[in-house]
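**Student:** Before I ask anything, here is the structure I am working with.
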DNA sequence: CAGTGGTCTAGACCACACG
DNA sequence: GTGTGGTCTAGACCACTGA
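Residue numbers (the numbering used here), protein chains in the order written: chain A, 371 to 615; chain B, 371 to 615.
Here it is as C-alpha cells:
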C-alpha cells in the first residue's frame with residue numbers, strides 16, 4: 371500500500387505520484403489482476419489530498435487499461451490482455467532521415483482515372499470518383515527502400531491534380547495539406563513479383579512487408595496506399611501497450 | 371465556434387460535449403492544423419462552466435494527440451502525423467475462434483536449457499538463466515496456422531516447469547498466470563526455410579509474417595516468442611489512431 | 001438503500017514562456 | 001511583467017448498482 375508520500379521523485383505532481391505508486395503496485399505484481407485497489411476516499415486520506423486529485427490519477431490508469439472501475443463495488447486491477455499494440459509507422463521520409471541516410475524520391479508513373487467498381491479499395495474512395503494514381507519509389511542512400519502505389523480521391527482533394535509529385539512524395543504532401551480523421555492499416559507479407567522485384571532491385575520472390583493504409587476525412591475517402599518494403603531491410607517496431615480495448 | 375449548448379446528444383456529460391465540439395471542428399477541417407483554439411477562459415464563458423471542466427475536456431484531446439498546448443501562448447490544433455498506430459495482435463487462439471474455425475494446438479518440442487550468451491533475445495531473459503524452449507504449432511480447422519518458438523525464463527516463472535504444454539498453448543497459459551508490465555514487438559517479413567515450410571505445410575520460400583514479442587515484468591524478462599504466419603493466411607489489422615507521441 | 005464512482009464548481013496558487 | 005496553462009482544493013449533487 372502507498373501510505374506515505376514519496377520522497378525521492380520530488381518533481382512529480384501529486385496525481386502523477388499517486389498514479390505511479392498504483393502502477394508500481396500493479397506492474398510489480400503486488401496487486402494482481404482482480405485485486406481491489408483502495409477506495410478513492412481511502413487514498414484521499416492516505417495522501418492527504420482532495421478527491422479530484424485521486425480521481426484524476428485513477429482515471430488516467432483507467433485510460434491506460436490498467437484499472438477497471440465499477441460503481442458501488444470499487445476499482446480493480448484489470449486482467450491483462452496483450453491484444454492491441456502501438457506500432458510506429460512513421461512517414462517514410464522521416465524514417466529514413468532517422469536512420470541517418472539521405473532520402474530520395476522517384477516518381478514512376480502518374481495518371482488520372484476513375485475508380486473501378488470491382489476493386490474494394492477503390493470503392494472506399496467513392497465509386498466513379500476521379501482518382502489520381504501514382505507509383506513511386508522511396509530511396510535511402512540512393513537505393514530502393516520502398517515501392518509505393520497510391521490512389522488519391524480528386525473529389526476530396528482537388529488540389530492534388532495540380533501537383534506533379536516529382537519533387538515531393540505524395541505522402542508528405544498529403545500530410546501537410548489534408549487533415550485525416552480516420553485511418554485503417556493492414557500489414558501482411560507477400561513475395562515480390564517480377565515487376566516489384568525489379569523496381570526494388572531485389573530478387574523475384576523475396577519476402578516483403580506490405581503495408582496498406584486507407585485514410586478518411588469525415589466519412590469521405592481521401593487516399594489509399596500500398597507500400598512494399600523488402601523484408602530484410604525494414605521492420606515495424608511496436609512499443610509497449612497492454613490491453614487497449 | 372461552439373457557443374450554444376448541444377441539444378441532440380442529451381446524455382453526454384459537459385466535458386464530453388466540449389470535447390466532441392472541439393474534435394468536430396478539427397476533424398471537419400474547420401480548425402486546421404496550427405489553428406489556435408479558444409483560451410480556456412473563453413470556453414468557460416461560452417459554455418458557462420468552470421475551468422476544470424474545460425481543462426478536462428482539452429486534456430483528453432491532448433491525450434488523443436489532437437491538440438498541442440503551450441503555456442502563455444495557448445492551445446493549438448496539432449499537425450497530424452500518421453506515426454503510431456494501434457495494431458490488433460490478438461491471442462492466436464482467440465483470433466482463430468473469432469474466425470469461426472476450430473482451434474487446435476500441437477507441441478512439437480519441449481526442452482530445458484540455459485540462455486546462450488551469444489543470442490541477444492536470450493540475454494534479455496537474463497544471462498545463464500534456465501529457459502524452457504518450446505516449439506509448437508497452432509492449427510485452424512486442423513490446418514497449420516502459425517509456427518511458434520518460445521522461450522520462458524524459468525527463474526521468473528518457475529511454475530512453467532511443471533506444465534507439459536501439451537493441452538494448453540504457452541501463450542494462453544502465460545496470459546492467465548503471469549502479469550506483464552512491458553512488451554516489445556517486432557513485425558517483419560521473411561521467406562520460410564525448409565524446416566518452417568514443412569511444419570506449416572507450405573512451399574519453401576513462401577513469404578511469411580514474422581511476429582516477435584518480448585515481455586517483461588518489472589525489468590525481469592518473462593518470455594520471448596517468435597510466431598510465423600504464412601503471408602497469405604494472416605494479416606494484422608490496425609485501428610485508427612493519429613499521432614501518439 | 002447506502003456507498004461507490006462520475007461529474008462539476010468557484011475559487012486558488014504557481015511555473016513558465018512570451019512580449 | 002503578465003497571462004497562459006498546470007495543478008489543486010473542499011466542498012457538492014447525482015446515477016448507478018451491488019449488498
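Even for Gly, the Cβ is constructed at its ideal location relative to N, Cα and C.
#1: Where does the unbroken alpha helix (DSSP H) through residue 516 of chain A begin, and where does it stop?
#2: Would you check if the region 557-572 of chain B and the region 526-537 of chain B touch, i.e. whether three or more CB-CB distances between them fall below 8 Å?
#3: Which value, in whole angstroms, describes the spacing of the CA atoms of residue 502 of chain A and residue 534 of chain A?
#4: Where does residue 509 of chain A sit, in a helix, a strand or coil, going by DSSP?
#5: Determine which residues share a DSSP beta bridge with residue 414 of chain A and list them.
#6: Residue 393 of chain B lies in the alpha helix (DSSP H); which residues open and close that run?
#7: Taking C-alpha atoms, which residue in A:576, A:416, A:494 lies nearest to residue 590 of chain A?
#8: Is residue 379 of chain B close to chain A, meaning its C-beta is less than 9 Å from at least one C-beta of that chain?
#9: CB residue 517 of chain B to CB residue 540 of chain B, shorter than 9 Å?
#10: Along chain B, which residues have their Cβ under 8 Å away from the Cβ of residue 578 of chain A?
#11: Tell me the DSSP bridge mates of residue 474 of chain A?
#12: Check distances from the C-beta atoms of the region 378-401 of chain B to those of chain A and list, in chain order, the residues that come in under 8 Å.
#13: In three-state DSSP terms, what is residue 591 of chain A?
#14: How is the beta strand (DSSP E) around residue 443 of chain A delimited, first residue to last?
#15: Could you spell out where the alpha helix (DSSP H) holding residue 338 of chain B opens and where it closes?
#16: List the whole-angstrom C-beta distance separating residue 580 of chain B from residue 596 of chain B, where the pair is believed to meet the contact cut-off of C-beta under 8 Å.
#17: Below 6 Å CB to CB, which residues in the same chain sit around residue 585 of chain B once its five sequence neighbours on both sides are set aside?
#18: Kindly identify the DSSP beta-bridge partner or partners of residue 504 of chain A.
#19: At a Cβ threshold of 9 Å, is residue 552 of chain B touching chain A?
#20: Looking only at its chain, what residues have a beta carbon closer than 6 Å to the beta carbon of residue 519 of chain A, apart from the 5 residues adjacent to it on each side?
#21: Residues of the region 421-436 of chain A with a CB closer than 8 Å to any CB of chain B: list them in chain order, please.
#22: Closest by CA to residue 578 of chain B, which one among B:409, B:599, B:471?
#23: To the nearest angstrom, report how far apart residue 509 of chain A and residue 461 of chain A are at their CA atoms.
#24: Along the region 468-482 of chain A, what residues have a CB closer than 8 Å to any CB found in chain B?
#25: Do residue 486 of chain B and residue 473 of chain B have their CB atoms nearer than 9 Å?
#26: Might you give, ordered along the chain, the residues of its own chain that have their beta carbon closer than 6 Å to the beta carbon of residue 395 of chain B, omitting 5 neighbours on each side?
#27: CB residue 447 of chain B to CB residue 404 of chain B, shorter than 9 Å?
#28: Tell me, please, whether the CB atom of residue 501 of chain A is closer than 9 Å to any CB atom in chain B?
#29: Could you check whether the Cβ of residue 446 of chain B sits closer than 9 Å to any Cβ belonging to chain A?
#30: So the candidates are A:445, A:415, A:389; which of them puts its Cα closest to the Cα of residue 616 of chain A?
#31: With a threshold of 16 other CB atoms inside 10 Å of the CB of residue 420 of chain B, please say whether the residue is buried or exposed.
#32: Tell me which same chain residues have a C-beta within less than 6 Å of the C-beta of residue 477 of chain A, skipping the five on either side of it?
#33: Which word fits residue 430 of chain B, buried or exposed, when buried means at least 16 other C-beta atoms lie within 10 angstroms of its C-beta?
#34: Could you give the C-beta distance for residue 573 of chain B and residue 564 of chain B, rounded to a whole number, given that I count them as a contact under 8 Å?
#35: Take the Cβ of residue 465 of chain A as the centre, count every other Cβ of all protein chains shown within 10 Å, and call the residue buried at 16 or more, exposed below.
**Tutor:** In brief:
#1: Element bounds for residue 516 of chain A: not the alpha helix (DSSP H) but the beta strand (DSSP E), 513-523.
#2: no
#3: 11 Å
#4: strand
#5: In the DSSP output, where bridge partners are listed per residue, residue 414 of chain A has none listed.
#6: 384-397
#7: Of the listed residues, the one whose Cα sits closest to residue 590 of chain A is A:494.
#8: Annotation note: pLDDT 38 at residue 379 of chain B (below 50); position unreliable, coordinate value reported separately. So, not an interface residue.
#9: no
#10: 559, 577
#11: A:509
#12: 396, 397, 398, 399
#13: Collapsing the DSSP output to three states places residue 591 of chain A in a strand.
#14: It is not in any beta strand (DSSP E) - residue 443 of chain A carries neither H nor E in the DSSP assignment.
#15: Residue 338 of chain B lies beyond the range of chain B shown here (371 to 615); nothing can be said about it.
#16: 7 Å
#17: Result list for residue 585 of chain B: 550, 553, 592, 593, in chain order.
#18: Assignment of beta-bridge partners to residue 504 of chain A by DSSP yields A:480, A:520.
#19: Closer than 9 Å: yes.
#20: 505, 596
#21: 422, 433
#22: B:599
#23: 13 Å
#24: Taking 8 Å as the Cβ-Cβ cut-off against chain B, none of the residues of the region 468-482 of chain A qualify.
#25: no
#26: Excluding sequence neighbours, residue 395 of chain B sits near 401.
#27: yes
#28: no
#29: no
#30: The structure shown does not extend to residue 616 of chain A, since chain A spans only 371 to 615, so no value can be given for it.
#31: Classification of residue 420 of chain B: exposed, given that the 10 Å Cβ count is below 16.
#32: 506, 535, 536
#33: buried
#34: With 8 Å as the limit, residue 573 of chain B and residue 564 of chain B do not qualify as a contact, their Cβ atoms being about 10 Å apart.
#35: By the neighbour-count criterion, in which a residue is buried when 16 or more other Cβ atoms sit within 10 angstroms of its Cβ, residue 465 of chain A is buried.
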